[in-house]
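Worksheet: the structure to be examined is printed underneath.
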Amino acid sequence: ARDENYPYPYEQTTFWKNVKVRWSPMEKSNTNILQEDLALYFASTGYYRCQRSVDCTGADNPYTLETQTTKLDGLLNVASASFEGALLQINAGTYYMMCTRNNNFSNRAQKGTLIVI
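Set out below in structure tokens:
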């Protein structure tokens with residue numbers, strides 16, 4: 022909800038269960054991208070593409086939780102400022118989001134509501 026200043030854990034979200042990937046820069050076919058990996062990809066602004074290296078092959082393999090040697094910090098300082106993202110088809114619903122990059126979890130909360138009809 023928008024009145025929260027912290028993101029929900031992945032298990033409590035509904036957004037990722039309600040999207041279909043139409044395009045992504047990942048080597049996998051769009052239908053083979055795991056929901057958890059897609060959420061990780063967006064949450065880390067592309068710094069990670071998969072949780073496990075077995076699920077991320079080829080050029081994507083260095084971008085996994087298992088293979089990245091420099092871990093991502095909470096402010097995303099080591100992540101690129103540019104992010105290719107992905108083209109998503111989103112099911113109807115109301116979804117809440119927030120940005121943690123410039124957020125001190127008090128007076129600089131950057132939040133939004135996405136309403137898909």
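Taking our numbering, I'd label the letters of the sequence shown as residues 22 to 138.
Even glycine gets a Cβ: it sits at the ideal position worked out from N, Cα and C.
Enclosing beta strand (DSSP E) for residue i [first to last residue]
i: Q110; result: L108 to I111
i: L135; result: Q131 to V137
i: W44; result: V40 to W44
CB-CB length for residue i against residue j, believed under 8 Å
i: G114; j: T35; result: 7 Å
i: A130; j: M119; result: 7 Å
Terminal residues of the alpha helix (DSSP H) in which residue i lies
i: Y116; result: Per DSSP, Y116 belongs to no alpha helix (DSSP H); it is in the beta strand (DSSP E), G114 to C120.
i: E57; result: Q56 to A64
For residue i, the residue or residues it bridges with in DSSP
i: C77; result: Its beta-bridge partners do not exist; DSSP assigns none.
i: T85; result: C71
Residue i (DSSP reduced to helix, strand or coil)
i: E32; result: helix
i: T52; result: helix
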